[in-house]
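Student: The structure follows.
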Amino acid sequence: MTDADITTPPSHEAYRLPPELDLAAAESLAAALRALLPDGPIRVDGGAVERAMTPCLQVLAAAAATARARGIVFRLEHPSAAMVDAIEDLGLGKALEGDR
0 MTDADITTPP
10 SHEAYRLPPE
20 LDLAAAESLA
30 AALRALLPDG
40 PIRVDGGAVE
50 RAMTPCLQVL
60 AAAAATARAR
70 GIVFRLEHPS
80 AAMVDAIEDL
90 GLGKALEGDR
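In numbering that gives the first Met the number 0, the protein residues as written are 0 to 99.
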């Protein structure tokens, strides 16, 4: 995964997560989510995720907490089965539950 694989979408679109959320993707993911914070709300589409590892899920949980602390809606949309399993395995369900 390279920095070019993770790009920040226009503010009205959901940010689409790549298929591989591995250690190599964590730094780029964090940068992309930081870039979205000023424009909130943040919508993250997890439908394409085939593998989700701890560092990226921690980045997502931290981004969700930061957004909520600033009064910005954070919503994880359409998480894949692999992503849901990884979130549950790590006990991050509440952190990534999403705002309604």
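Glycine included, every Cβ here is placed at the ideal spot set by N, Cα and C.
1. In the DSSP output, what is Glu76 paired with across the bridge?
2. DSSP on Thr7, reduced to helix/strand/coil?
3. So is Leu22 buried or exposed if we call it buried at 16+ other beta carbons inside 10 Å?
4. Grouping DSSP H, G and I as helix and E and B as strand, with all else coil, what is Glu26?
5. Between Ala94, Leu89, Gly97, Tyr14, which has its C-alpha nearest Ala51's C-alpha?
Tutor: So, from the data block:
1. Asp44
2. Residue placement at Thr7 cannot be trusted, given a pLDDT of 48 that sits under 50; the coordinates are not used to answer.
3. exposed
4. helix
5. Leu89
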